[in-house]
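> Residue numbers for the sequence shown follow UniProt numbering, so the first one is 1 and each next one is one higher. The structure under discussion is supplied below as structure tokens; questions concerning it will follow.
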Amino acid sequence: TWGGTTRARGDFDGAALQDWELWGYADGADDPSFRHREWVLLSKHVKDATLHRPWGTGVWKVANLGRRVRSFRVVMTGPTRNGGHALYCSGFDVFGQVGIPEKVKPLPVPPHGLRYEYDYELYQTGEAIPANRCELDGGTDDEENPMEFTVQPPLPEGLSLDPRTGEITGTVLYSRLRGDLVPAVDLGRPLRFVVTADNGVGCAECEVQMVIMRAPQVFAYDHTDVTYQAGEKFIAFSTETIKAAEEKKWKRPTDGPVDIARTIQINRPIKDSILGTRVSWPSHEPLPSVRGVTVMWDEPHVWPKYSIRRRTPPPLPPDTDGPLLPDGLTLDPYSGKIQGVPEKEVERGEWIVTVRNPVGETDCVIHMRVMEPPKSLTYDFMEVVIDQGSPFRNEVASCKGSGPIQYRADALPIGLLIDQQSGRISGSPNQVDDDYEAYKVYAWNEVAETKCEVRLWCSMVVERKNAPLVKHVGRVVNKDVSARVGLKVEGTEE
């Protein structure tokens, strides 16, 4: 409700109002809060000089009482400007809505101060991103001027922008990416998008950046169960090389080492491995955040990265970690290649290789062992004369190398045999020689073999009691003379 009054004409300049009140007669019958009509003070003025100028007018705002006012009156509470108490030829107008007024709708305001909760985030494919909400410092958003949000270029497949709230949600699906987004995800390149808030009166923009990466998923090595020979740079054999050889009709020897050609020096991840995003992050590029907290990456900022640990076999607990790799072998932390020259025997064990990048990791298992080749094979008797028909036993005196070591001989005297597991030569010879015979004996394991030469002379035993001399291959032996170890004996006619 607004009140207005005019001062007197120029002839009555001195009679201008300065102390006065405006009263209104308010209804009450229809209002349960005010059941009686009454006069209510609407405005009070003391020494108000608003009208003290020629032909001046004044406008005063009256507070809304929330009640209907049907009539008004002006009450002088003090003398006019010239000290009198009479006001001549004066008028007073009331204008505006009588009763409960409607609110005056303000003019629409364009949006301004647009910003997002996360303005530079790291996301993983296949994982729902945290809802990224936006805020505005101001801007009208009502039925006549609704706020609408758009983004350019379009967000990656799987992410969406709510056109009414501007919220970004969803899950990036790698299989549905197209165009430039595929290499951007494969190489971890920052993506930039411009979000616009528009209410028809104006618009506001802000930039949202994101880095989308794919975690490693499928990981294996070319050779999963590998046997090395100490001191050799080539893999002796593996489950995979044996399978490939068998497909070409190769058969494993029953009395010797695995004889597959050795051509492989490096054991590397298979080509079909899905190792995720390959990152080489520029040093000048700022790091993204995860839920608003800047990530802390190990230097250098290159992925994928590989690490290895050995799960030590019993009797230690299964989760106990042993040496990283057999001495002499190395793991390249950026390519995953395992290579080198193993130095000494290592029993078969299980190694776990982990590949990781900033958004995830995965493992694979490799079994490895390093075997020492057999060497230094010797027997208790390297040269011996043995009696025909007499029991004979010759044990392995020494043989170094990784077990199990097995033995074989190309040939042995009739009646003698070699034990494949222990190398023992035993039996009763059933032949007669005229000199030492050389017999090659082999000790072998799965990676190599060694050999030695055992010299045996199988001799006939005769007695010298009224018996004729026995001539054997050009030599005469007295009947009562027996051959002894390492001694060549020839009889005479005497």
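Even for Gly, the Cβ is constructed at its ideal location relative to N, Cα and C.
Going by other Cβ atoms of all chains shown within 10 Å of its Cβ, with 16 needed for buried, is Leu324 buried or exposed?
So Leu324 ends up on the exposed side.
> Whole-angstrom Cβ separation of Lys344 and Asp327, contact assumed at under 8 angstroms?
6 angstroms
> Taking the alpha-carbon positions, what's the Phe193 to Glu121 distance?
12 angstroms
> Quick test of your reading: Pro358 and Trp444, contact by CB under 8 angstroms. State the CB separation rounded to the nearest angstrom.
So it is not a contact: roughly 50 angstroms between Cβ atoms.
> Check this for me: beta carbons of Val341 and Arg369, under 8 angstroms apart or not?
no
> I believe Glu240 touches Asp222 by the beta-carbon criterion, under 8 angstroms. Please report the beta-carbon distance rounded to the nearest angstrom.
7 angstroms
> Which residues bound the alpha helix (DSSP H) around Asp363?
No alpha helix (DSSP H) holds Asp363; the beta strand (DSSP E) holding it covers 360–371.
> Taking the alpha carbon of Ala220 as the point to measure from, which residue in Gly349, Thr354, Leu114, Gly139 has its own alpha carbon closest?
Thr354
> Per DSSP, which residues does Phe149 bridge with? Please list them.
Ala197
> Which ranges would you report for the alpha helix (DSSP H) in the segment 206–271 if only whole runs of at least 4 residues count?
239–247
> Hey, could you find the ends of the alpha helix (DSSP H) Asp186 is sitting in?
181–186
> Between Pro111 and Met147, is the Cβ-Cβ spacing less than 8 angstroms?
yes
> Per DSSP, which one or two residues make a beta bridge with Ile386?
Cys458
> Count the other C-beta atoms from every protein chain shown that fall within 10 angstroms of the C-beta of Val218, then say buried if there are 16 or more, exposed otherwise.
exposed
> Within the chosen definition, does the segment 407–422 reach the segment 196–204 through at least 3 CB pairs nearer than 8 angstroms?
no
> Quick one: measure Cβ to Cβ for Asn430 and Gly415, integer angstroms, because I've assumed they're closer than 8 angstroms.
Their Cβ separation, rounded to whole angstroms, is 4 angstroms, which keeps Asn430 and Gly415 in contact under 8 angstroms.
> For the segment 365–380 against the segment 225–232, do three or more pairs of beta-carbon atoms, one drawn from each stretch, fall closer than 8 angstroms, so that the two count as touching?
yes
> Assign Arg7 to buried or exposed, taking buried as 16 or more other Cβ atoms, counted over all protein chains shown, within 10 Å of its Cβ.
For Arg7, the predicted structure reports a pLDDT of 44, less than 50, and the residue's modelled location is therefore unreliable. A value from the coordinates is still provided. A buried status is given to Arg7, since no fewer than 16 other beta-carbon atoms sit within 10 Å of its beta-carbon.
> Considering only residues of the segment 277–364, which uninterrupted beta strand (DSSP E) runs meet the minimum length of 3 residues and lie entirely inside it, listed in chain order?
305–311, 329–331, 338–340, 346–357
> Sorted by chain position, which residues of the same chain lie with C-beta nearer than 6 angstroms to Glu446's C-beta, five sequence neighbours on each side aside?
Pro257, Val258
> Could you check which residue in Pro269, Arg311, Leu187 has the C-alpha nearest to that of Arg348?
Arg311
> From the DSSP secondary-structure annotation, give me the bridge partner or partners of Gln406.
Trp444
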